[in-house]
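Novice:
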Amino acid sequence: MIPLVYLFALALALFAIGLAGIATERHLVVMMLAVELIFVASIVALIGFFLYNKPVNADSITMLIAIFAIASAEIIALIAFYVYMKHSRIDFDVSKLSKLRW
Amino acid sequence: MLDTYVFYAIAAAAVVSSILIFVERKLIHAVLALTSVFISSALLFLLLGQTFISMLVLIVFVGGLSTYLIVAVATEEKNMKLINLPMFIAVSIILFAGLSVLISYLPQNSQQGTPNFLSTAVSAFSSSAGTLYIVVIMMFAITLAGTLIIKKFTRLIV
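As they're listed, the protein sequences go chains A and B.
So the number in the working numbering is just where the residue sits in the first sequence, counting from 1, plus 34.
So the number in the working numbering is just where the residue sits in the second sequence, counting from 1, plus 3.
Spelled out as structure tokens, the structure:
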């Protein structure tokens with residue numbers, strides 16, 4: 035059986051890489067891919083919690099499906115953004131998206 | 004003991020792939036690296052004995068979202084380099100043949116007891132879930148190959 039701390043270390047590594055990617059990357063699509071990475075890290079941590087604290091039941095499956103739905107919606111929004119910005123010749127550098135600023 | 008080593012391999016693959024997302028310069032390579040992270044997480048859940056969740060991750064993330072992302076990115080990228088197509092087709096056929104032989108030699112009855120990697124993998128691949136795994140991976144590979152072929156023919160026509 036894999037110790038729980040190993041799973042948490044993996045989830046933490048994926049979360050840290052994703053967060054560092056969001057903080058340092060300026061390409062919009064890669065930033066969204068980093069958000070997906072954070073979703074994967076959260077799923078790994080969630081499965082670790084449910085495996086080692088209580089058995090997997092309907093609540094955990096519901097929570098997982100909610101995470102899947104959020105990740106799917108994010109990917110769909112990303113693809114819509116990507117196709118629109120590609121066709122409108124908008125730069126993917128988020129520091130140049132002046133219309134989205136306050 | 005074997006579980007720990009397999010976990011190390013899967014974790015290393017996941018972390019290296021997640022770093023490759025930000026290192027790769029082409030967008031399609033970043034998306035493929037993210038797909039590798041998804042596959043690694045599915046293998047990790049299979050290692051933990053959660054076959055259903057592993058299958059869910061494989062179907063939703065790899066079969067659905069990654070395929071959609073790859074199609075969107077590959078059809079929009081103008082200067083995407085094509086891979087060696089004959090080599091790709093040959094490797095796909097060899098992989099499919101190898102997996103088919105592996106599936107045919109696996110035992111049909113799953114072992115009862117504590118879930119470890121081998122018994123979970125054997126029970127997953129010997130039941131109907133194994134067929135579903137193969138179907139999802141084949142659909143993913145076929146979609147990837149189809150996108151590249153469409154891209155090639157579109158470039159030839161236009």
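C-beta: ideal position from N, C-alpha, C; glycine also.
Along the segment 39–59 of chain A, what residues have a CB closer than 9 Å to any CB found in chain B?
Specialist: So the close ones are Tyr40, Leu41, Ala43, Leu44, Ala47, Leu48, Ile51, Gly52, Ala54, Gly55, Thr58, Glu59.
Novice: Could you list which residues in chain A have their beta carbon closer than 7 Å to that of Ala17 (chain B), in chain order?
Specialist: Going along chain A in sequence order, the residues near Ala17 (chain B) (Cβ under 7 Å) are Leu44, Leu48.
Novice: Based on DSSP bridge pairs, tell me the residues matched to Asp127 (chain A).
Specialist: Answer is A:His61.
Novice: Distance cutoff 8 Å, beta carbons only. Does Leu1 (chain B) sit that close to anything in chain A?
Specialist: As displayed, chain B neither begins before 4 nor continues past 161, which places residue 1 (chain B) out of reach and without an answer.
Novice: Give every residue of the same chain whose Cβ lies closer than 7 Å to the Cβ of Val63 (chain A), excluding the five residues on either side of it in the sequence, and list them in chain order.
Specialist: Closer than 7 Å at Cβ, skipping near neighbours: Leu112, Tyr116, Phe126.
Novice: Check whether the segment 67–81 of chain A touches the segment 43–56 of chain A, taking contact to mean three or more Cβ pairs, one atom from each stretch, closer than 8 Å.
Specialist: Flag = yes, the segment 67–81 of chain A and the segment 43–56 of chain A touch.
Novice: Which two residues bound the contiguous alpha helix (DSSP H) that contains Leu50 (chain B)?
Specialist: 30–50 is the extent of the alpha helix (DSSP H) around Leu50 (chain B).
Novice: Which residues in chain B sit within 7 Å of Tyr118 (chain A), going by Cβ to Cβ distance?
Specialist: Within chain B, no residue comes near Tyr118 (chain A); the closest Cβ sits about 11 Å away, beyond 7 Å.
Novice: Report all residues from its chain with a CB closer than 8 Å to the CB of Val69 (chain A); omit the five preceding and five following residues, and keep chain order.
Specialist: Only Gly52, Ile56, Glu108 meet the Cβ criterion.
Novice: Taking Val63 (chain A) as the query, report the chain B residues whose CB atoms sit under 7 Å from its CB, ordered along the chain.
Specialist: Per Cβ cutoff of 7 Å: Leu30.
Novice: Can you find at least 3 beta carbon pairs, one from the segment 15–26 of chain B and one from the segment 59–79 of chain B, that sit closer than 8 Å?
Specialist: Short answer: they don't touch.
Novice: Within 10 angstroms of the Cβ of Ser122 (chain A), are there 16 or more other Cβ atoms? Answer buried if so, exposed if not.
Specialist: Exposed, by the Cβ-count rule.
Novice: Please return the same chain residues whose Cβ sits closer than 7 Å to the Cβ of Ile62 (chain B), not counting the five positions on each side in sequence.
Specialist: Only Val139 meet the Cβ criterion.
Novice: Need the endpoints of the alpha helix (DSSP H) that Met58 (chain B) sits in, please.
Specialist: 54–60 is the span of the alpha helix (DSSP H), which, as asked, contains Met58 (chain B).
Novice: Note down, in chain order, each residue of its chain lying with its Cβ closer than 6 Å to the Cβ of Thr150 (chain B), except the 5 sequence neighbours on either side.
Specialist: Only Val74, Ala77 meet the Cβ criterion.
Novice: Taking Cβ-Cβ distances shorter than 9 Å, what residues in chain A pair up with Val26 (chain B)?
Specialist: Chain A residues near Val26 (chain B): none, gap ~10 Å exceeds 9 Å.
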